[in-house]
Amino acid sequence: MSRGIVLKSSFAIRQQALHSFVVGMGLLTLSMCGSATAAGKSLDIYLAPKGVDTASGLSADNPIVSLAKAQELVAEKARGYDEVRVLFAPGVYRGQGVEWRTFPGVWTRFMPARPGSAVVFDGQGGKQSVFFKALPSTPTRDSAPVSMKLEFTGLTFQRYCEALSFQSWSDEVRRPGGRDVVVRNSNFVDIGSKFDPVKRGNQPRGGCTAAVRLQGVGQGRIEGNSFKNIINLDIGETALKAYGRGHLHAIYISNMSQGNDIVGNKFDDFSGDPIRIRDQSDKNRISGNIFGSASDNTKPGDVHAISQWYCNDGVKACVQRQIARKECASEELELRDNRIEGRNVESYADRSQGKATCAK
């Protein structure tokens, strides 16, 4: 077992009972992530599948349609409010994608306007491989992580290369640049190069590595979500000829993304390890997750429910791509009460290759 891995009744196989994992510390972490409804004044922005971006977006009767316009309204109007709610009318929102760079210092919550109603973001028909990229400023040697305060609740994301990507990282500086994100009670369906809406010639573009990515982002919580059909094609079946079946992960935590909680999620039909930890992403807690079966044509031993890896000079692909990195193993990972119910899935694997002079 790798150094720094804490296993606490870590994996039960198939039909064994799942241990209770909602304990006091978990509730404390939930509170710290700002999940409770904020008291005070809320800026509400309304979207609908048939809305128009020339509308005000400030009432259910005058909805806008795009997240790009929603971001403009947040940037313009959030000052003086205690929270922002981006509220979606039921229905299917097609082909959207946004680079989100607006962090007003209060929680911005993306949720259905009516709790429990079906809100679906479908990539097909659009020109965006990734639905949502959150991009705080690149960290510097003297900067503290940006408190992004983003929460996604009760939404469905389907038919994208990647769904949610929270990124703030610089290989040169090696400091985490973001914190405070929550993704809960949402569905991720048909994610990966097999479903990439962007084509080059007659092939999907490819290059997909995560349904949900935290890169240089800590103190987050990914809880109660469902991941189904998270599948990459073989490398040769994509235009980019990069990142094959095993390179796609449902949740990818990398580059000093520390202190996150991955709790109570379900995974089924996946071509790569569902949860991947990379490069000094220490003190992440992974508990109460249920893993179904790997995708068809997966050989026994090829897929592990949870794994870690890091890029170094002993990894041929890193050397070939001239990646100027000195990455490190991830330590003090806590794996608690996870369960494997499906076939062709192993438990935990350290997939690190070679030895590195660590940058710690």
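So the sequence shown is numbered by the numbering used here: it starts at 116 and just counts up by one. Heads up, the beta-carbon is just placed ideally off N, CA and C, and yes, glycines get one too. The model shown is predicted, which means the values in this text are computed figures rather than measured ones.
Query                                                                                            : Result
Alpha carbon of Q273 to alpha carbon of V288, nearest angstrom                                   : 34 Å
Segment contact flag, the region 346–355 with the region 392–400, C-beta cutoff 8 Å, min 3 pairs : no
Whole-angstrom C-beta distance between F203 and A249, which should lie under 8 Å                 : That pair is no contact at about 17 Å.
Coarse secondary structure for F136, derived from DSSP in three states                           : Reliability fails at F136, whose pLDDT of 30 lies under 50, so the model's placement of it is uncertain and no value is given.
Given 8 Å, three or more beta-carbon pairs between the region 173–184 and the region 216–224     : no
Inter-residue Cα distance where the pair is I185 and G155                                        : Rather than Ile, the amino acid found at residue 185 in this sequence is Ala. In a straight line, the C-alpha of A185 is about 21 Å away from that of G155.
Reduced DSSP category for R360 - H, G, I as helix; E, B as strand; rest coil                     : helix
Cβ-based neighbour list, G374, same chain, cut-off 6 Å, excluding 5 preceding and 5 following    : G333, Q334, K398
E461 versus C443, L448, G387, residue with shortest Cα-Cα distance                               : G387
Beta-carbon proximity list for G210, same chain, < 6 Å, skipping 5 on both sides                 : G240, G241
Nearest neighbour of S422, chosen from D159, G292, H364 [CA to CA]                               : H364
Residue closest to N412, alpha-carbon to alpha-carbon, out of G361, K314, R256                   : G361
DSSP-derived helix/strand/coil call for L265                                                     : strand
Cβ neighbour criterion (16 or more within 10 Å) applied to V167                                  : exposed
Reduced DSSP category for I346 - H, G, I as helix; E, B as strand; rest coil                     : coil
Selected residue, minimal CA-CA separation from S174, among P319, D465, E191, V201               : V201
Nearest-angstrom beta carbon gap, Y208 and R236 [assumed within contact, 8 Å]                    : A small correction: the amino acid at residue 236 is Phe; Arg does not occupy that position in the sequence shown. Indeed, because the Cβ distance is near 5 Å, the residues count as touching under 8 Å.
Per-residue DSSP class, three states only, for G240                                              : coil
C-alpha gap between P312 and D286, whole angstroms                                               : 30 Å
For V460, the three-state DSSP class (helix, strand or coil)                                     : coil
Limits of the alpha helix (DSSP H) - the one that L188 falls within                              : 182–192
Distance, A444 Cα to F406 Cα                                                                     : 24 Å
Reference W284, options L329, R466, K264, closest by Cα                                          : L329
Coil, strand or helix - K485 by DSSP                                                             : Since the first residue of the chain shown is 116 and the last is 475, residue 485 is not available in this structure.
Whether G172 touches S244 by CB criterion (9 Å)                                                  : no
Under 9 Å between C-beta atoms of N297 and T268                                                  : The identity of residue 297 in the sequence shown is Val, whereas the question assumes Asn. In contact: V297 and T268 (Cβ atoms closer than 9 Å).
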